[in-house]
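A.B. asks:
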Amino acid sequence: MKSIIVRKEYLRKNYPQITPIKKIVKLRHIDLNSVNFLIYSKNGKYVLHFNTDKTLIKKIEDVCKILRFCSENAVKVSEPIIRKNGKFVDVTNNCYLTRYYEGHLYDGSVKELKELSSNIANLHKVLSTYPRRFNHTTDNKPYRILTRSELEKISKGICTKAKFSSIDKKVFRNISFITECIEKDISEAEIMNKIKSSKQLIHSDLHPKNVIFNNGKVSAIIDFNSLRIGEIEEDLAFASYRFASYKKRNVREIKNHVTNFIDTYKKYHPITKERTKLVCYFFRHITLQRLCYIIRTHYFKKSDLWMSDFDKHLNLLKLQNKIEILMKTH
Numbered sequence: 000m001k002s003i004i005v006r007k008e009y010l011r012k013n014y015p016q017i018t019p020i021k022k023i024v025k026l027r028h029i030d031l032n033s034v035n036f037l038i039y040s041k042n043g044k045y046v047l048h049f050n051t052d053k054t055l056i057k058k059i060e061d062v063c064k065i066l067r068f069c070s071e072n073a074v075k076v077s078e079p080i081i082r083k084n085g086k087f088v089d090v091t092n093n094c095y096l097t098r099y100y101e102g103h104l105y106d107g108s109v110k111e112l113k114e115l116s117s118n119i120a121n122l123h124k125v126l127s128t129y130p131r132r133f134n135h136t137t138d139n140k141p142y143r144i145l146t147r148s149e150l151e152k153i154s155k156g157i158c159t160k161a162k163f164s165s166i167d168k169k170v171f172r173n174i175s176f177i178t179e180c181i182e183k184d185i186s187e188a189e190i191m192n193k194i195k196s197s198k199q200l201i202h203s204d205l206h207p208k209n210v211i212f213n214n215g216k217v218s219a220i221i222d223f224n225s226l227r228i229g230e231i232e233e234d235l236a237f238a239s240y241r242f243a244s245y246k247k248r249n250v251r252e253i254k255n256h257v258t259n260f261i262d263t264y265k266k267y268h269p270i271t272k273e274r275t276k277l278v279c280y281f282f283r284h285i286t287l288q289r290l291c292y293i294i295r296t297h298y299f300k301k302s303d304l305w306m307s308d309f310d311k312h313l314n315l316l317k318l319q320n321k322i323e324i325l326m327k328t329h
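Residue numbering for the sequence shown follows this note's numbering, starting at 0 and increasing by one per position.
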């Protein structure tokens, strides 16, 4: 990708409301889809996001409209800044501007866990009232669960190799466990599909790097590029497990944090006992999807994209299995 140069003149022309500009600094940011710059102005700090995936630009314009709606309804999200022409996204340069939020990432405390849970509940309530249609779909084909024949093909392919790679060893060592989880996922899906659950806008990527805290309070929920129509239990599952397990090893403690997270959420946004059952299912399903994507990409596409996340998702899958056993015995 060619280097990006941000000039003060560009900001003065497109965002006159934030001038005068003092300084522009490129942020260190590990993201395949964006390059970000911190803008220092007289009236605050902002982040200019350059998106490298041009297919997302139309979606981002609509996401920015939703974020503005959330901000106007007291939801703590990254507020987008409108351009002089009335649009949020510069389609020529593939960029958009948001407010910058001071603070830190999740510290692992119960206080911040409960604070986040109440904020996600509020986010879901407001998203459910958004008056416009959201006509953007996510291509889930690459994330489909591996079939039995695909698993057998991978297993046989590894066995016929003269020498195993480190990835081969990891996959082969855990393929029986992954297969068991897939079989359980398929059988439970039939039951879970019968539970009534309405669909709405959800964040779809709530993890510890996507929330900014300040003095124990949520400053902003960020990175809405994965926003889509789904079930709120998907967000609840992904967030509760990812935040509850952050910097923790004790399974019983993590299980208690997951329960705490869900109970706090229900105080602000009640859901039925039946729908609560979806949380365990969705976390396993989402984690399996990501793990299957990594494995399929490596063995059938000959690419190691996201292979660095293999251990993380495998460990989360094992954690979910242990927590589910604990929940059934207590």
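Even for Gly, the Cβ is constructed at its ideal location relative to N, Cα and C.
Computed from a predicted model, the values in this text were never measured in an experiment.
Taking I166 as the reference, give the member of S307, E230, D52, C94 with the closest Cα.
C.D. replies: Checked all of S307, E230, D52, C94; the closest Cα to I166 is S307.
A.B. asks: Return the CA-CA distance between S108 and F163, expressed in angstroms with no decimal places.
C.D. replies: Approximately 41 Å between the Cα atoms of the pair.
A.B. asks: Determine the DSSP secondary structure at D310, reduced to helix, strand or coil.
C.D. replies: In this structure, D310 counts as helix in the three-state DSSP scheme.
A.B. asks: Does Y240 pass the burial test, meaning 16 or more other C-beta atoms within 10 Å, or should it be called exposed?
C.D. replies: It is buried - the Cβ of Y240 has at least 16 other Cβ atoms within 10 Å.
A.B. asks: Label S116 either buried or exposed according to how many other C-beta atoms from any shown protein chain fall within 10 Å of its C-beta, with 16 as the threshold for buried.
C.D. replies: Counting Cβ neighbours within 10 Å, S116 comes out buried, since at least 16 surround it.
A.B. asks: Throw me the rounded Cβ distance for the K183 and V250 pair, which I believe falls under 8 Å.
C.D. replies: Wrong, their Cβ atoms sit about 18 Å apart, outside the cutoff.
A.B. asks: As an exercise, report each continuous alpha helix (DSSP H) stretch of at least 4 residues that is fully enclosed by the region 116 to 199, in chain order.
C.D. replies: Entirely contained in the region 116 to 199, the alpha helix (DSSP H) runs reaching 4 residues are, in chain order, 147 to 158, 165 to 191.
A.B. asks: Taking DSSP as the reference, what is the three-state secondary structure of R227?
C.D. replies: In the structure shown, R227 sits in a strand (DSSP, three-state: E or B).
A.B. asks: Please name the residue, chosen from K44, Y99, V88, that lies closest to I59 on a Cα-to-Cα basis.
C.D. replies: Of the candidates K44, Y99, V88, the one whose C-alpha sits nearest the C-alpha of I59 is V88.
A.B. asks: Determine the closest residue to H284 out of L145, Y245, Y264, with distance taken between C-alpha atoms.
C.D. replies: Nearest C-alpha to H284: L145.
A.B. asks: Kindly confirm or deny that the region 39 to 52 and the region 92 to 100 touch, where touching means at least three C-beta pairs closer than 8 Å.
C.D. replies: Yes, the region 39 to 52 is in contact with the region 92 to 100.
A.B. asks: Hey, how far is the Cα of I399 from the Cα of F282?
C.D. replies: Outside the modelled stretch of the chain, which goes from 0 to 329, sits residue 399, for which no answer is possible.
A.B. asks: In angstroms, rounded to a whole number, what distance separates the CA positions of K41 and F260?
C.D. replies: The straight-line gap from Cα to Cα measures roughly 39 Å.
A.B. asks: What three-state label does DSSP hand N32 in the structure shown?
C.D. replies: Reduced to three states, the DSSP call for N32 is coil.
A.B. asks: Please report how far the alpha carbon of R82 lies from the alpha carbon of Y14, in whole angstroms.
C.D. replies: Answer to the nearest angstrom: the Cα atoms are 5 Å apart.
A.B. asks: Does the distance from the C-beta atom of L325 to that of K254 stay below 8 Å?
C.D. replies: In contact: L325 and K254 (Cβ atoms closer than 8 Å).
A.B. asks: Does DSSP put P79 in a helix, in a strand, or in coil?
C.D. replies: In the structure shown, P79 sits in a strand (DSSP, three-state: E or B).
A.B. asks: So L287 packs on L318, CB below 8 Å; how close in whole Å?
C.D. replies: Not a contact, Cβ separation roughly 13 Å.
A.B. asks: Please name the residue, chosen from F36, T159, K21, that lies closest to R27 on a Cα-to-Cα basis.
C.D. replies: It is F36 whose Cα lies nearest to the Cα of R27.
A.B. asks: According to the Cβ coordinates, are Y99 and Y45 closer than 8 Å?
C.D. replies: Yes.
A.B. asks: Locate the alpha helix (DSSP H) running through S70, then write down its first and last residues.
C.D. replies: Residues 56 to 71.
A.B. asks: Report the residue from A73, A188, E151, Y264 whose alpha carbon sits nearest the alpha carbon of V170.
C.D. replies: Nearest C-alpha to V170: E151.
A.B. asks: Consult DSSP for K12 and reduce its assignment to one of helix, strand or coil.
C.D. replies: Residue state, collapsed to three classes: helix.
A.B. asks: So T18 is in the beta strand (DSSP E); what residue range does that whole segment cover?
C.D. replies: From DSSP, T18 is part of no beta strand (DSSP E); its letter is neither H nor E.
A.B. asks: What's the C-alpha gap between F223 and I80?
C.D. replies: Answer to the nearest angstrom: the Cα atoms are 15 Å apart.
A.B. asks: Buried or exposed for S387, please, with buried defined as at least 16 other CB atoms from any protein chain shown within 10 angstroms of its CB.
C.D. replies: The displayed coordinates of the chain run from 0 to 329. Any statement about residue 387 would go beyond what the structure contains.
A.B. asks: Buried or exposed: which applies to V278, given that a residue is buried once 16 or more other Cβ atoms fall within 10 Å of its Cβ?
C.D. replies: Classification of V278: buried, given that the 10 Å Cβ count is 16 or more.
A.B. asks: Among the candidates V74, I185, I56, D138, whose CA atom is the shortest distance from the CA of E114?
C.D. replies: Measuring from the Cα of E114, the nearest candidate turns out to be V74.
A.B. asks: Please report the distance separating the alpha-carbon of E233 from that of D106.
C.D. replies: Distance between the alpha carbons of E233 and D106 is about 23 Å.
A.B. asks: Please classify Y99: does DSSP put it in a helix, a strand, or coil?
C.D. replies: Note: Y99 maps to coil in three-state DSSP.
A.B. asks: So, helix, strand or coil for M0, using DSSP?
C.D. replies: The predicted model places M0 with a pLDDT of 45, which falls under 50 and marks its position as unreliable, so this point remains unresolved.
A.B. asks: Report, in whole angstroms, the separation of the C-beta atoms of L200 and I65, which I expect to be a contact under 8 Å.
C.D. replies: That belief holds up - the Cβ atoms of L200 and I65 are roughly 7 Å apart, short of 8 Å.
A.B. asks: First and last residue of the alpha helix (DSSP H) that includes K272?
C.D. replies: Note, K272: alpha helix (DSSP H), 272 to 275.
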